[in-house]
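> Taking UniProt numbering, the leading residue of the sequence shown gets 1, the next gets one more, and so forth.
By construction, the Cβ of each residue, glycine as well, lies at the ideal position given by its N, Cα and C atoms.
Just passing along the structure, written as structure tokens.
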Amino acid sequence: VSDDEVRALLDKVNLAHIEKRVETFDSQYGIDWDKMLSPGEQQKIAFARLFYWNPVFAVLDEATSSLDSNTENRFFEICKELNITTITVSHNKSLLQYHDKVLLLDGKGSYTTSDVD
1 VSDDEVRALL DKVNLAHIEK RVETFDSQYG IDWDKMLSPG EQQKIAFARL
51 FYWNPVFAVL DEATSSLDSN TENRFFEICK ELNITTITVS HNKSLLQYHD
101 KVLLLDGKGS YTTSDVD
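Have a look at this one:
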């Protein structure tokens, strides 16, 4: 991945400022990113990776729990633009708007499916 591609991805997920924290993108293996990045920034990095790899589908487990609703909306719109089908695990009902179906697990081994209203 070129530095320009990394910059474009960071810009896409509103993390362009990360570049100022490192000398170069490929020489910072010793950085403890878990301590350097907030939970929201870590989630944005995960979405940058998702957008880079552009898979057919992605399973997202509480992937937006530390993001504001505008960022969440933007990321799901990008997924739609890239034709990434998302399977989302979340307790956040606002995410229903980005999906067509709901799979509800009852915790006892049974489940139900329904259309999103």
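For Leu50, collect the residues of the same chain with a Cβ closer than 6 Å to its Cβ; drop the 5 residues on either side in sequence, then sort them by chain order.
Ala58.
> Taking Val116 and Asp106 to be in contact with their CB atoms under 8 Å, please state how far apart those CB atoms are, rounded to whole angstroms.
Their Cβ separation, rounded to whole angstroms, is 19 Å, which puts Val116 and Asp106 out of contact at 8 Å.
> To the nearest angstrom, how far is it from the Cα of His72 to the Cα of Arg21?
Here residue 72 turns out to be Glu, not His, going by the sequence shown. Whole-angstrom Cα-Cα distance: 24 Å.
> Consult DSSP for Leu10 and reduce its assignment to one of helix, strand or coil.
Note: Leu10 maps to helix in three-state DSSP.
> On the DSSP bridge assignment, give the partners of Ser114 in chain order.
Bridge partners of Ser114: Val102.
> Indicate the three-state DSSP secondary structure (helix, strand or coil) for Asp68 in the structure shown.
The answer is coil: DSSP assigns Asp68 none of H, G, I, E or B.
> Based on the DSSP output, what are the partners of Val89 in its beta bridges?
Asp61, per the DSSP bridge assignment.
> What number of angstroms, rounded off, separates the C-alpha of Thr113 from the C-alpha of Ser2?
Rounded to whole angstroms, Thr113 to Ser2 spans 43 Å at the Cα level.
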